[in-house]
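Protein chains in written order, with this note's numbering: chain A, 101 to 331; chain B, -17 to 224.
Structure record follows, encoded as structure tokens.
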Amino acid sequence: MNPVFGQATTPLFDWDWVTRNLDTILEKTLEHLKLTGVALGFGLLLSVLLAAVAIWKGRAYRPIGAFTGALYTIPSLAVFALVAPIIGIGTSSQRFWTAEVALVSYTLLILVRNIVTGIQSVPAGVSEAARGMGYREGGLLARIEVPIAIPAIIAGVRIAAVTVIGLVTVTSLLGLGGLGFFILDGLRRSIIFPTEIIVGVVLSVALAAVLDLGLLMLGRFLTPWMRAHGR
Amino acid sequence: MMDFLADVVAWFSESGRWLSGDGVLPRTAEHLWLAILPMAIAIAFALPLAVWLGHRRIGEFAVNALVNVGRAVPSFGLLILAAVFFSRSGVSLRFWPVVVTLVALAIPPIFTNAYTAIVTVSPGSVEAARGVGYTENQVLWQVEVPMGAPLVLAGIRISFLQVLATVPLAAVLSSGGGLGQYVVRGFARGTSGLDEVFAGALLIAVLTLGADWLFTRLEPLVLPEGVRRLSSVEVRARASVS
Chain A
101 MNPVFGQATT PLFDWDWVTR NLDTILEKTL EHLKLTGVAL GFGLLLSVLL
151 AAVAIWKGRA YRPIGAFTGA LYTIPSLAVF ALVAPIIGIG TSSQRFWTAE
201 VALVSYTLLI LVRNIVTGIQ SVPAGVSEAA RGMGYREGGL LARIEVPIAI
251 PAIIAGVRIA AVTVIGLVTV TSLLGLGGLG FFILDGLRRS IIFPTEIIVG
301 VVLSVALAAV LDLGLLMLGR FLTPWMRAHG R
Chain B
-17 MMDFLADVVA WFSESGRWLS GDGVLPRTAE HLWLAILPMA IAIAFALPLA
33 VWLGHRRIGE FAVNALVNVG RAVPSFGLLI LAAVFFSRSG VSLRFWPVVV
83 TLVALAIPPI FTNAYTAIVT VSPGSVEAAR GVGYTENQVL WQVEVPMGAP
133 LVLAGIRISF LQVLATVPLA AVLSSGGGLG QYVVRGFARG TSGLDEVFAG
183 ALLIAVLTLG ADWLFTRLEP LVLPEGVRRL SSVEVRARAS VS
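Below is the structure:
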């Protein structure tokens, strides 16, 4: 499958194609969001568990860090490829979960690190004061430490979200890919079709920007006390 | 599952698998060359600029913007867009679009970490150096650069790993792409190609983890003695998250 290059006669951007294919564009955008959302959901769930283990058993933090670090270091294409034979790529649900396992594996390092750092950076005096006021461990964590750590946690979720949105495009090689479908399809036509590739890349960046902004606003909404201090 | 693993082992032991033109060793060399060349170009461009701007404290806003934009652009899409634009301007080579893309991907982490490294050197040390009569050049080269070195190296490492991860995607464009060729070729064959997909992925994972390990081993050798003793925790705390 060697693509044909050097076709300067096709227009760089064909608006007609966009208007003709609005349905497909919407469908692939939603698929992109679904792949991203599910990965972030499972990633956050797993990261909270791993972070809880790391916080309660301090010794576990190093191995957890090394493990999630290795997962993060292995290139995305290789992770998809290592998971594919295990889960399979025959049916569309097999392909979906192959993609999800790989995407989730990328979120863990960023999320675990930010959750642990966020909780541990709560000033000791604050925790002590809360204990003095009668908070037990569970209440201390839920009412005091987690809210204080929210900016750090949201910062981690934002990085993970933007990273995952970019990686979803690679899953087009598995026959999925959300907006990545357009990137690969535009390349693999008998004559390269730049419009499709540009639509895929631009919408993927736009999606990342919108999600990033949304999470930023969610963070502001969850921490009204930060605004009171003029931040 | 056992049958599958046997297929993978068989793939590795086919004749000519290691040394022929499409063999593992030439592909590994191609993979490394496609990563190291863009890294060298990116470092030569970004490092001096970041150090100089950092010393002069110019452009902090632009640096923050660069971090976010750098992260949002999908490397896969950028790679293919670059190939398309190059081909339209008549450059038929498959090699340079890949190199240019990888340079563009490599620059943000190198630049932002080097910039942060210089800007966040403890103001006390800088003031003390000025106080005992260091010239601006001496402050830069004898205080800011050595003390910022661990963070500069962290940026280069993040960048290198990102480039190593993007090289295999270039296999979609041409017969190149280093070890990624096996994976892309295997996926194109569907379920029957999964042994090649898995073998290629193993090779990519081993190469990347090995390169990362080697990098962390070599890091201390290039750091000045005094800086090496500074807590690496502090360095990590300052590094912008990869």
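Heads up, the beta-carbon is just placed ideally off N, CA and C, and yes, glycines get one too.
As summarised for the segment 123 to 155 of chain B, there are no continuous beta strand (DSSP E) elements at least 3 residues long confined to that stretch. Between the segment 16 to 33 of chain B and the segment 83 to 96 of chain B, the count of Cβ pairs shorter than 8 Å is three or higher; the stretches touch. Under the Cβ distance rule, A242 (chain A) does not count among the residues neighbouring chain B, no pair being separated by less than 8 Å. With 16 or more other Cβ atoms from the protein chains shown falling within 10 Å of its own Cβ, M21 (chain B) counts as buried. When DSSP states are grouped into helix, strand and coil, D114 (chain A) belongs to the coil group. Annotated three-state conformation of E200 (chain A) is helix, per DSSP. Against chain B, the beta carbon of I189 (chain A) has neighbours under 7 Å at T173, listed in chain order. Residue burial is scored here from C-beta neighbours: S(-3) (chain B) has fewer than 16 other C-beta atoms within 10 angstroms and is therefore classed as exposed. Rounded to the nearest whole angstrom, the CA to CA distance from N46 (chain B) to F58 (chain B) is 23 Å.
Taking 8 Å as the cut-off between beta carbons, the residues of the segment 173 to 200 of chain B near chain A are T173, L176, D177, V179, F180, G182, A183, L184, I186, A187, T190, L191 and D194, in sequence order. Boundaries of the alpha helix (DSSP H) harbouring S57 (chain B): S57 to R70, taken from the DSSP string. Less than 8 Å divides the Cβ of I283 (chain A) from the Cβ of T269 (chain A). K128 (chain A) counts as buried, since at least 16 other C-beta atoms from the protein chains shown sit within 10 angstroms of its C-beta. Interface annotation for the segment 230 to 264 of chain A against chain B: I259, V262 and T263, criterion Cβ-Cβ distance under 7 Å.
With respect to the C-alpha of A131 (chain B), the residue from B:G106, B:Y97, B:N119 and B:S69 having the closest C-alpha is B:Y97.
Its chain contains A160, Y161, I164 and V216 as the residues whose beta carbon lies nearer than 6 Å to that of A154 (chain A), once the 5 sequence neighbours on both sides are disregarded; these appear in chain order. Taking a cut-off of 8 Å on C-beta distances, the segment 163 to 182 of chain A does not touch the segment 223 to 233 of chain A, as fewer than three cross pairs fall below it.
Distance between A99 (chain B) and L143 (chain B), taken at the CA atoms: about 19 Å. The three-state secondary structure of S221 (chain A), taken from DSSP, is coil.
Close CB contacts of D114 (chain A) within its chain, under the 7 Å cut and outside five residues either way in sequence, are with T295 (chain order). Between L130 (chain A) and G141 (chain A), the alpha-carbon positions lie close to 16 Å from each other. Closest in alpha carbon position to D(-15) (chain B), among B:D177, B:P150 and B:L155, is B:D177. For T190 (chain B), the enclosing alpha helix (DSSP H) begins and ends at L176 to V204. Using beta-carbon distances, T124 (chain A) does not count as an interface residue toward chain B, since no partner is under 8 Å. For S57 (chain B), the closest Cβ of chain A is nearer than 8 Å. Just measuring C-alpha positions, the residue of B:V6, B:A11 and B:V66 sitting nearest S156 (chain B) is B:V66. In the structure shown, L182 (chain A) falls within a helical segment according to DSSP collapsed to helix, strand and coil. The alpha helix (DSSP H) runs lying completely inside the segment 239 to 306 of chain A and spanning 4 residues or more are 246 to 268 and 280 to 288, given in chain order. Within chain B, not a single residue places a beta-carbon under 9 Å from that of G314 (chain A); the smallest gap is close to 14 Å. For V33 (chain B), the nearest beta carbon of chain A is not closer than 8 Å to its own beta carbon. In the pairwise beta carbon analysis, the segment 0 to 15 of chain B is classified as touching the segment 153 to 172 of chain B: at least three pairs are separated by under 8 Å. Taking the C-beta atoms as reference points, A152 (chain B) is found no nearer than 8 Å to V305 (chain A).
Contact check for A32 (chain B) against F93 (chain B) passes: the beta carbons are separated by less than 8 Å. The contact set of L60 (chain B) on chain A, defined by CB atoms closer than 9 Å, consists of V301 in chain order.
DSSP places E109 (chain B) inside the alpha helix (DSSP H), whose first and last residues are P105 to G113.
The Cβ atoms of T191 (chain A) and S147 (chain A) do not sit closer than 8 Å to each other.
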